[in-house]
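Q: Numbering (numbering that gives the first Met the number 0), first residue to last: 0 to 340. Note that CB positions come from ideal geometry on N, CA and C, so glycine has one too. For clarity, every value in this text was computed on a predicted model and none was experimentally measured.
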Amino acid sequence: MSSSSSRSPELRRDSIFNRWVIFSPARSRRPSDFKSHSNPNPKNPNPSSCPFCIGHESECAPEIFRFPKGSSNWKVRVIENLYPALKRDEGIISDPERLDPKGCVVAGFGFHDVVIESTTHSVHLPDLSEAEVGEVVRAYKERILQLKRVGSVKYVQVFKNHGASAGASLTHSHSQMIGLPIVPPSVSSRLKSMKEYYDRTGKCGLCEALSKDILINKSTHFFSIVPFAATYPFEIWIVPRDHTSYFHDIDEEKVVDFGGLLKLMLLKMSSQLNDPPYNFMIHTAPFELPSDHLPCAHWFLQIVPQLGVTGGFEMGSGCYINPVFPEDAANILREVDCSQR
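1) If you follow the beta strand (DSSP E) that Glu-78 is in, where does it begin and where does it stop?
2) Once DSSP output is grouped into helix, strand and coil, what is the label at Ala-151?
3) Report the option in Val-113, Gly-315, Ser-218 whose CA atom is closest to the CA atom of Gln-156.
4) Is it buried or exposed for Asn-321, if we count other Cβ within 10 angstroms and need 16 for buried?
5) Leaving out the 5 sequence neighbours to the left and right, which residues in its chain are closer than 8 Å to Ser-244 when beta-carbon positions are compared?
6) Select from Tyr-231, Ile-249, Leu-81, Thr-230 the residue whose C-alpha is nearest the C-alpha of Val-238.
7) Measure the alpha-carbon distance for His-55 versus Cys-49 and round it to whole angstroms.
8) Drop a sphere of 10 angstroms on the beta-carbon of Ser-117, count the other beta-carbons inside from all chains shown, and report buried for 16 or more, exposed for fewer.
9) Spell out a yes or no on whether the stretch 135 to 147 and the stretch 204 to 224 are touching, meaning 3 or more CB-CB pairs, one atom from each, closer than 8 Å.
10) Indicate the three-state DSSP secondary structure (helix, strand or coil) for Gly-69 in the structure shown.
11) Pop quiz: Phe-158 and Gln-175 are said to be a contact at Cβ under 8 Å. What is the actual Cβ separation, rounded to whole angstroms?
12) Express the C-alpha separation of Ile-53 and Asp-198 in angstroms, rounding to a whole number.
13) So what does DSSP say about Asn-17, is it helix, strand or coil?
14) Between Val-152 and Tyr-231, is the Cβ-Cβ spacing less than 8 Å?
15) Once DSSP output is grouped into helix, strand and coil, what is the label at Glu-234?
16) Please specify which runs of the alpha helix (DSSP H), each continuous and at least 4 residues long, are wholly inside the stretch 137 to 209, giving them in chain order.
17) Rounded to whole angstroms, what's the CA-CA distance from Ser-269 to Phe-221? Just pull it up for me.
18) List the whole-angstrom C-beta distance separating Leu-85 from Ala-60, where the pair is believed to meet the contact cut-off of C-beta under 8 Å.
19) Nearest to Ile-181 by alpha carbon, out of His-123, Phe-286, Leu-127, Glu-79?
20) Whole-angstrom Cβ separation of His-123 and Ser-172, contact assumed at under 8 Å?
21) Measuring straight from C-alpha to C-alpha, what distance separates Phe-257 and Val-335?
22) Please state whether DSSP places Ile-342 in a helix, a strand or coil.
23) Just to confirm the assignment, what range does the alpha helix (DSSP H) spanning Val-254 have?
24) Given Arg-12, which residues of its chain have a CB within under 7 Å of its CB, disregarding the five upstream and five downstream residues?
25) So, are the CB atoms of Ser-213 and Ile-235 less than 8 Å apart?
26) By the DSSP assignment, the beta strand (DSSP E) with Phe-222 in it spans what residues?
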């Protein structure tokens with residue numbers, strides 16, 4: 000495979016997010032140049048004062064549930080966020096006068112939760128076993144199913160910020176979930192783009208995304224790729240091999256399988272890029288998805304290592320410049336051996 004520097008520039012269209020990406024060999028660097036050189040962690044409080052550590056449960060916001068349920072020796076806890084972005088008092092949206100007649104303002108109702116992924120302060124998600132990562136994934140599923148029963152919640156965003164520059168405020172490994180009373184514009188745009196691709200080709204864009212050139216790994220039920228039009232250097236997608244629209248439909252066998260592949264991808268990224276700050280997001284379907292979107296809506300998880308900054312060109316145009324061709328990034332991630340971890 001030729002290196003990025005020997006290629007001509009390319010523009011590739013991402014048919015999932017409906018955006019163009021410029022792959023620029025003039026801006027490419029050696030893979031080693033992308034290794035993170037910054038401290039990925041926010042301020043590291045003493046574990047004795049960390050509210051997420053075992054034994055400090057009373058210092059947290061109210062608990063929603065834990066695994067194992069009812070056990071003092073818990074593995075995963077889901078709690079309310081102490082500083083929520085939205086207010087979970089459902090009565091806040093019961094007054095129709097609170098809705099702006101122009102449709103531009105809705106009262107700030109929603110749910111903002113934290114998933115504490117481990118009892119131990121120094122343990123991060125890829126340090127856990129496959130089954131333990133699976134328990135975190137199962138917590139996402141269970142909480143989404145709970146929020147689905149709240150009729151005014153339309154969409155749930157699961158996300159993780161690892162590292163200060165990725166938005167994490169505490170080092171203790173955790174992720175977050177926000178239940179929204181609206182479907183975010185980026186979600187609507189993604190679904191529209193996937194529907195347009197399906198109408199044009201008769202195929203789901205993510206079912207068709209698997210290619211050996213961009214493949215990193217396969218598991219029994221999932222595959223991981225650097226997407227064909229990756230917006231960010233070394234971006235990774237984990238995609239169900241069977242077509243499925245809703246993340247919360249994942250069953251117990253797939254929970255563990257997914258957890259294992261997620262662990263492997265985080266290990267590979269950490270090994271090759273020196274434990275960079277990163278974000279991951281689960282892109283699923285809204286609860287009230289029209290039936291004609293089911294054949295083209297396919298959930299996936301996106302991992303974005305924070306290796307650069309977004310500049311004025313990207314902000315102004317909506318196009319992104321990626322200095323690493325996906326085929327090269329996939330090869331670099333594919334070759335690292337994490338079998339001993």
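A: The relevant details are as follows:
1) This sequence places Ile at residue 78; Glu is not what is there. In the DSSP assignment, Ile-78 falls within the unbroken beta strand (DSSP E) covering 75 to 79.
2) It is worth fixing the name first, because residue 151 is Ser in this sequence and not Ala. In this structure, Ser-151 counts as coil in the three-state DSSP scheme.
3) Taking Gln-156 as reference, the option from Val-113, Gly-315, Ser-218 with the minimal CA-CA separation is Val-113.
4) The residue is buried, with at least 16 neighbouring Cβ atoms inside 10 Å.
5) Thr-283, Ala-284, Leu-288, His-292, Leu-293, Ala-296, His-297, Trp-298, listed in sequence order.
6) Nearest option by C-alpha distance: Ile-249.
7) Approximately 7 Å, taken between the alpha carbons.
8) Label assigned to Ser-117: buried.
9) The answer is no - the stretch 204 to 224 does not touch the stretch 135 to 147, with fewer than three Cβ pairs under 8 Å.
10) Three-state result, Gly-69: coil.
11) Between Gln-175 and Phe-158 the Cβ distance is about 6 Å, and since that is below 8 Å, they are a contact.
12) If I take the Cα positions, the gap works out to 51 Å.
13) Correct three-state label for Asn-17: coil.
14) No, these two residues do not count as a Cβ contact at 8 Å.
15) Correct three-state label for Glu-234: coil.
16) Within the stretch 137 to 209, the complete alpha helix (DSSP H) runs of at least 4 residues are 184 to 200.
17) Looking at the two C-alpha atoms, the distance is approximately 21 Å.
18) A Cβ-Cβ separation of about 14 Å leaves Leu-85 out of contact with Ala-60 under the 8 Å criterion.
19) From the listed residues His-123, Phe-286, Leu-127, Glu-79, the smallest Cα separation to Ile-181 is found for Phe-286.
20) Contact annotation, His-123 with Ser-172: C-beta distance approximately 5 Å; criterion of less than 8 Å satisfied.
21) One C-alpha to the other measures close to 19 Å.
22) The question about residue 342 has no answer here: the residues shown for the chain are numbered 0 through 340.
23) Segment 251 to 272, the alpha helix (DSSP H) holding Val-254.
24) Answer for Arg-12: Trp-19, Ala-228, listed in chain order.
25) According to the sequence as given, residue 213 is Ile; it is not Ser. The Cβ atoms of Ile-213 and Ile-235 lie no closer than 8 Å to each other.
26) Segment 221 to 224, the beta strand (DSSP E) holding Phe-222.
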